[in-house]
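4 protein chains.
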Amino acid sequence: MPKPTASTDRRQQLVEAAFDEIAANGFEGLRTRAVARAVGIDHSTVHHHFATKADLIAAVVDHAIAPFRTGKPLTGSPAEQLRDHLNLLVRLMRERPRLFIVLRELDLRATRDDNIRAILAERDNRWRDTTTTLFRQPGWHSDTDPEAAAELVIAAVKGASFAPDPDRAAAAIDELLRLLTPREERP
Amino acid sequence: MPKPTASTDRRQQLVEAAFDEIAANGFEGLRTRAVARAVGIDHSTVHHHFATKADLIAAVVDHAIAPFRTGKPLTGSPAEQLRDHLNLLVRLMRERPRLFIVLRELDLRATRDDNIRAILAERDNRWRDTTTTLFRQPGWHSDTDPEAAAELVIAAVKGASFAPDPDRAAAAIDELLRLLTPREERP
Amino acid sequence: MPKPTASTDRRQQLVEAAFDEIAANGFEGLRTRAVARAVGIDHSTVHHHFATKADLIAAVVDHAIAPFRTGKPLTGSPAEQLRDHLNLLVRLMRERPRLFIVLRELDLRATRDDNIRAILAERDNRWRDTTTTLFRQPGWHSDTDPEAAAELVIAAVKGASFAPDPDRAAAAIDELLRLLTPREERP
Amino acid sequence: MPKPTASTDRRQQLVEAAFDEIAANGFEGLRTRAVARAVGIDHSTVHHHFATKADLIAAVVDHAIAPFRTGKPLTGSPAEQLRDHLNLLVRLMRERPRLFIVLRELDLRATRDDNIRAILAERDNRWRDTTTTLFRQPGWHSDTDPEAAAELVIAAVKGASFAPDPDRAAAAIDELLRLLTPREERP
DNA sequence: CATGAATGAGATTTCATTCAT
DNA sequence: TATGAATGAAATCTCATTCAT
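Protein chains in written order, with the working numbering: chain A, 1 to 187; chain B, 1001 to 1187; chain C, 2001 to 2187; chain D, 3001 to 3187.
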């Protein structure tokens, strides 16, 4: 078990502090000074660890999408897989609301930042592929269009993160799950 | 028919220019100088029309949600009303993509701007109420939860505006419409 | 006679202040803050008149080589023309020592600044051409190589500006003039 | 034969790297980090060898004027001595152009740096004395002013290093040599 | 000797806002 | 209404230097 170096620690601290700043004040409100202050170092020292603000942001992006990278493969029937997938997301929305705030910020910033767009597009493509594949399996309503259903899932999840509270977000996603689940598999 | 004063024209010009700037560069990229340049006046003059940048932004917010205020009442069966409502939104997404870009920006900024949050919350509440009322009418699946369905509609529409192209957004909304429409009313 | 606008005045003031700064502290020591302070305005206002520091420097370069642009045509015999030319330079060295300090700085900076190099190269080429042409006229020692003589004149003048005092610079240039002047035209 | 310690080697390496940096980017572009990188050590370590940047620069100055310190005494007639002296300089200009770039930088910086000025003034005084003494010897034109001639030699050599290429520099110095050489000794 | 984290002073540049004309 | 000069706060980034290891 390699002991993390001081450097790694500090970098991680900075990334987390920047994450918190974005969650609190948005990308627009991200200030290297504030990040440094949160960690307790001089603002110029931030540049010792991240040459530019963009480098720091890139690390934050990595950090923010990490929870979605390490997803363990889903198991069970297609409907069970969808249920597990959406339930996981709902649970994350409840447990880590700030993560979804940051993701919203990232999605918006991606519009005008090529680096972020590339990273998020990759994540979305993977998400889209997985979900489309899921809906291509047998067991859904015969008139379900796999690609359209996948778009709907993605849109609903992203949009739910704008809900004024997690309960409303969860209600929206639960309703979506109910609608997509074939009648005979509903609880 | 009152002829608009030059002043009124100028204000409107500024609002539209600011709208365009936000669509192009985001809130973060909104510069009063750029707005002034787009209109062809000196940047100081903007302050004759809008005391502060926040005032200009408030006017842009009003301008952006105007298309949703003047909605004529829906008619027909509940399913027809939902169909008309969502089709209108899809058509807007196709015809005025920049409007939805700006709305996305507004939704995000609302997180940290009380004025914007108030305006958008009002719009969302009206939207939520109308949609919930719609789902309270008879004719839906017996297990449809009106409030959850309304949340889902709102989430899906908001999330669809993050789709990489209008076709995908339309596919998601069409799929949602299909899922919500009772089997016997589907085309 | 057009009355100079306030803007022109301020720009001119800034250029002269920057010139003085360079004479005093070199290009390396040129600070927009110091220039602003010398003129009595806030340092950010400098950017109202010159978008970037490079723009300000470009204006200083123009200002510095202006005395060499408006040279009236030389008259008389070739030897008299050379004498007048060098005497003019010696007089300038005595009367405006800071001008030559700045020119030295410019010559050095030209090594690494394309814009400055272009401007100075143009000046040097004109100077070289004029002087070569001068030495191509009849009346010089038969073994004078016009191009080499022109190079020597330019080198000596530039090098003389490194002399510890104007008298030494003048002595060098006078000696050069004596050496180049045909014996029969010497006083 | 004392084997140089590692420390001595490192110091020398650093001085040469700093010399190279100045030749490439000027004094203004001299960065201790870049020097350290060129040598392959951490930038903090530079301070183990040179307490401050000024100390490093002082060593570079010494290194730059070394070629002029170890000049072996000139022999032959005065005209031959001048010829050998100038030919040596011309050869150096061709073989070590970067040396003259650095010397130019030094001469300029001397204007505002007391330490450098002192070192260079000493070199110039020695140069001036030697050259004046040379012109005081019999064999020159009767109207040659030894001190003025020495100033001219120094000015021309310094100025020649601003020539756009070594050929032009050489042409200027050769022409000077020709002009100074008594007619009866010219080849 | 060497490293790397940290510092702090300072530099340019941006931008909303104010004010006199 | 409109202009443009001016302001001042703030932001990112640079770099020589110091210090603990």
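The beta carbon of each residue, even a glycine, is placed where N, CA and C say it ideally should be.
Small disclaimer: the values here were computed from a predicted structure and weren't measured.
Using only the alpha-carbon positions, how far apart do residue i and residue j sit?
i	j	result
Pro3004/D	Leu3014/D	Its pLDDT being 45, under 50, Pro3004/D is placed unreliably by the model, and the measurement read from it follows with that caveat. Going from the Cα of Pro3004/D to the Cα of Leu3014/D covers about 15 Å.
Ala2018/C	Ser1161/B	52 Å
Pro1002/B	Glu1021/B	Any reading at Pro1002/B must be qualified, since the residue scores a pLDDT of 43, below 50, and its modelled position is unreliable; no value is offered.
Arg3128/D	Leu3152/D	10 Å
Asn115/A	Arg3109/D	44 Å
Lys3158/D	Ala2155/C	7 Å
Phe3027/D	Ile3057/D	9 Å
Ser2077/C	Asp2009/C	42 Å
Thr3181/D	Gln3081/D	11 Å
Arg944/B	Val1090/B	As displayed, chain B neither begins before 1001 nor continues past 1187, which places residue 944/B out of reach and without an answer.
Ala3172/D	Leu2176/C	12 Å
Arg2117/C	Thr2111/C	7 Å
Phe1135/B	Ala1038/B	45 Å
Ala3150/D	Gln3137/D	13 Å
Ala6/A	Ala170/A	Since pLDDT at Ala6/A reaches only 49, below the 50 mark, its modelled position is unreliable, and no value is offered.
Gln2012/C	Ala36/A	42 Å
Asp62/A	His49/A	16 Å
Ala24/A	Thr1144/B	36 Å
Asp1055/B	Val1046/B	11 Å
Glu1185/B	Ala34/A	57 Å
Arg183/A	Ser142/A	12 Å
Pro2187/C	Phe3068/D	38 Å
Glu1095/B	Arg126/A	29 Å
Ile1101/B	Ile101/A	18 Å
Leu2074/C	Leu2088/C	11 Å
Gly40/A	Glu16/A	13 Å
Asp113/A	Val1060/B	24 Å
Arg3168/D	Leu2086/C	20 Å
Lys1072/B	Pro97/A	36 Å
Verify the contact flag: residue i, CB atom, against every heavy atom of the ligand SAM, threshold strictly below 7 Å.
i	result
Ala155/A	The ligand content of the structure shown is nil, which means the ligand SAM is not present either.
Rounded C-beta distance between residue i and residue j? I'm assuming under 8 Å.
i	j	result
Thr32/A	His43/A	6 Å
Met3093/D	Pro3166/D	5 Å
Gly1139/B	Ala1079/B	6 Å
Leu3120/D	Leu3106/D	6 Å
Asp174/A	Ala1148/B	6 Å
Arg104/A	Ile65/A	13 Å between Cβ atoms; not a contact.
Pro146/A	Thr132/A	5 Å
Name, please, each residue of chain C whose Cβ falls closer than 7 Å to the Cβ of residue i.
i	result
Lys3158/D	Gly2159, Phe2162
Ile3022/D	Those do not exist, as Ile3022/D stays about 11 Å from chain C at its closest Cβ, beyond 7 Å.
Mind pulling the chain D residues with CB within less than 8 Å of residue i?
i	result
Leu2108/C	Gly3026, Arg3104, Glu3105, Leu3108
Is the Cβ of residue i closer than 8 Å to any Cβ of chain A?
i	result
Glu1151/B	yes
Asp1145/B	yes
Anything in chain B within Cβ reach of residue i, meaning under 8 Å, just list it in chain order.
i	result
Asp174/A	Ala1148
Ile101/A	Thr1111
Residue i CB to nearest chain D CB: under 8 Å?
i	result
Ile2116/C	no
Ile2065/C	no
Thr2132/C	no
Give the residues of chain B in contact with residue i, contact being defined as C-beta atoms less than 7 Å apart.
i	result
Leu56/A	The premise fails here: Leu56/A is roughly 17 Å from chain B at the closest Cβ pair, so nothing lies under 7 Å.
Within 8 Å of any Cβ in chain B, is that where the Cβ of residue i sits?
i	result
Thr111/A	yes
Arg168/A	yes
Does any residue of chain C bring its CB to less than 8 Å from the CB of residue i?
i	result
Arg3098/D	no
Ala3079/D	no
Ile3119/D	no
Could you name the residues of chain C that residue i contacts, counting a contact when the two beta carbons are closer than 8 Å?
i	result
Leu3180/D	Leu2179
List, in chain order, every chain A residue whose beta-carbon is nearer than 8 Å to that of residue i.
i	result
Ala1059/B	In chain order: nothing, as chain A lies at least about 20 Å away.
Starting from residue i, find everything on chain D with Cβ-Cβ shorter than 7 Å and list it in chain order.
i	result
Ala2171/C	Glu3147, Ala3148, Glu3151
Could you name the residues of chain D that residue i contacts, counting a contact when the two beta carbons are closer than 9 Å?
i	result
Ala1973/C	What is shown of chain C runs 2001 to 2187, which leaves residue 1973/C out entirely.
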